[in-house]
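One structure is given below, encoded as structure tokens.
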Amino acid sequence: MNPHSDTLTTGDGRTALRMERRLAHPPAKVWSAITDPAHLGQWFPSEVTVELRPGGAMTFAMPGVSDIAMTGTVTDAEEPRLFAFTWGEDHLRWEITPDGDGSLLVLVHTFGDRFGGASFASGWHLCLTALSQLLDGDSPHVERDTGELHEAYLEQFDLGRGVVEDTADGPRVRFERQLVRSTETVWATLTSGDEPTAGSPAPAGFTSRQAPAGPVTEVAAPAVLAYRWHPEGTVRWELGRGTGHGPRLILTQTGPQDFDTDAALDAWHERIEQLAAQLMAD
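Laid out in structure tokens, this is it:
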């Protein structure tokens, strides 16, 4: 588990990640480290330009990742207490308060993609570690997360649970989970070398104890597989674009009006966590 008391809350379609860190440096020094582009470039996840005033323009560029810079706007700039800004559709609020001979830094990152919360948290945790190193006078050096930190946050925030949705065609079980290996690796793990074809039984990796293998109805390796587990029900796996660690899994199961959705939720949660553990072990 992540040792910090970071939290993830959701309301009105938006999710807020709150992270609190104590830094052994006065607010003025912390303020400079989080607002000066020369300092930001040493710990922040992108290169930044900023007009340090409310309404000021910001740009975020990630060399080697994209030639197109994202833009934002400063919403608050109250030296040395509060710095906040938009970054695309997200909002980041950095608040500094005196704490003894040091400071308490609180980050609140508000965004729309709840299931990206573990990715954001693990990324910011590493950034804040690098910030602390910079303030201490060291050269920031933080090892990239290989998945352990992400999975700890995912468990802490309880992001692995599925839901039951009511549709016009009956109940549907749905899971959304960020994975931490490449799409190709996830697909290879699910198929175990048994490449599926339309009409053939679904490979065992795509099934659960509540959704036995049936004929494949759709396959587009390495991103999509669907099969019929019941005359009135299907299972569909989709590996789409994720939040930096790997693909985002969307899994759905439909069935007859009276199919046991509680049992299906338990079975798929167990199966997906087995997959996640297998990916980490590999």
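If you count the sequence shown from 1, position 261 lands on 261 in full-length UniProt numbering, and the numbers rise without skipping. Here a beta-carbon is modelled for each residue, glycine too, at the ideal position from N, C-alpha and C. Remember, it's a predicted structure, so these values are computed and weren't measured experimentally.
Quick one: using the 10 Å Cβ neighbour count with 16 as the cut-off for buried, is residue i buried or exposed?
i, result
"residue 319", "No information on residue 319 is available, as it lies outside the stretch 1 to 282 that the chain covers here."
"SER122", "buried"
"MET62", "exposed"
"GLU184", "exposed"
"GLY233", "buried"
"HIS141", "exposed"
"ASP6", "buried"
"THR254", "buried"
"PRO27", "buried"
"THR71", "exposed"
"THR15", "buried"
"ALA276", "buried"
"MET1", "With a pLDDT of 42 at MET1, under the threshold of 50, the predicted position of this residue should be treated as unreliable, though the coordinate-derived value follows. With fewer than 16 Cβ atoms within 10 Å of its Cβ, MET1 is classed as exposed."
"residue 287", "No statement about residue 287 is possible, as the shown extent of the chain runs from 1 to 282 and does not include it."
"SER139", "exposed"
"ALA281", "exposed"
"GLY116", "buried"
"GLY205", "buried"
Identify whether residue i lies in helix, strand or coil by the three-state DSSP scheme.
i, result
"THR261", "helix"
"THR59", "strand"
"VAL74", "strand"
"ASP166", "strand"
"TRP31", "helix"
"GLN253", "strand"
"GLN42", "coil"
"THR197", "coil"
"VAL271", "First, the amino acid is wrong: residue 271 is Arg here, not Val. The answer is helix: DSSP assigns ARG271 an H, G or I state."
"PRO37", "helix"
"VAL142", "coil"
"GLU47", "strand"
"GLY13", "coil"
"ALA281", "helix"
"ARG114", "helix"
"GLY240", "strand"
"GLU184", "helix"
"ALA130", "helix"
"residue 308", "The structure shown does not extend to residue 308, since the chain is modelled only from 1 to 282, so the question has no answer here."
"ASP101", "coil"
"LEU225", "strand"
I need the straight-line Cα distance from residue i to residue j, nearest angstrom please.
i, j, result
"ARG169", "LEU23", "Reading the sequence as shown, one finds Asp at residue 169 and not Arg. So the alpha carbons of these two residues sit roughly 54 Å apart."
"TRP94", "LEU107", "5 Å"
"GLY242", "VAL180", "9 Å"
"PRO80", "ILE34", "10 Å"
"GLU20", "ILE96", "10 Å"
"residue 295", "GLN278", "The chain is shown from 1 up to 282; residue 295 falls before or after that span and cannot be answered."
"GLY55", "PRO256", "54 Å"
"TRP43", "ARG236", "40 Å"
"ASP262", "THR129", "41 Å"
"VAL219", "PRO201", "12 Å"
"GLY41", "LEU105", "18 Å"
"THR252", "VAL173", "5 Å"
"ASP99", "LEU82", "15 Å"
"PRO45", "ARG228", "43 Å"
"GLY147", "GLY160", "15 Å"
Select from the options the residue whose C-alpha is nearest the C-alpha of residue i.
i, options, result
"GLU238", "PRO231, PHE44, PRO247 and PHE111", "PRO247"
"ALA38", "VAL48, TRP31 and VAL30", "VAL48"
"THR189", "PRO222, TRP124 and THR86", "PRO222"
"LEU225", "TRP187, MET280, GLY56 and ASP266", "TRP187"
"LEU17", "ALA130, ARG161 and HIS91", "HIS91"
"GLN156", "ALA118, PRO98 and GLY147", "ALA118"
"LEU265", "ASP101, ALA213, SER208 and PRO212", "SER208"
"ASP260", "HIS230, LEU249 and ILE250", "HIS230"
"ASP258", "ASP166, THR146 and ILE68", "ASP166"
"ASP12", "ASP113, PRO98, VAL216 and THR75", "ASP113"
"GLU151", "HIS245, PRO27, ARG172 and LEU40", "HIS245"
"GLU78", "ILE68, LEU154 and TRP31", "TRP31"
"THR10", "PRO212, ASP145 and ASP158", "ASP158"
"ILE68", "VAL74, ILE250, PRO215 and THR59", "THR59"
"ALA267", "PRO212, GLY240, VAL216 and THR217", "PRO212"
"ARG144", "ARG53, LEU154 and LEU126", "LEU126"
"GLU89", "LEU154, SER103 and PHE111", "PHE111"
Could you confirm whether any beta carbon from chain B is found closer than 9 Å to the beta carbon of residue i?
i, result
"SER139", "No chain B appears in this structure, which consists of one protein chain only."
Three Cβ pairs or more, each shorter than 8 Å: is that satisfied between the stretch 177–196 and the stretch 270–282?
yes
So does the stretch 192–201 actually touch the stretch 126–141, counting three or more Cβ pairs closer than 8 Å?
no
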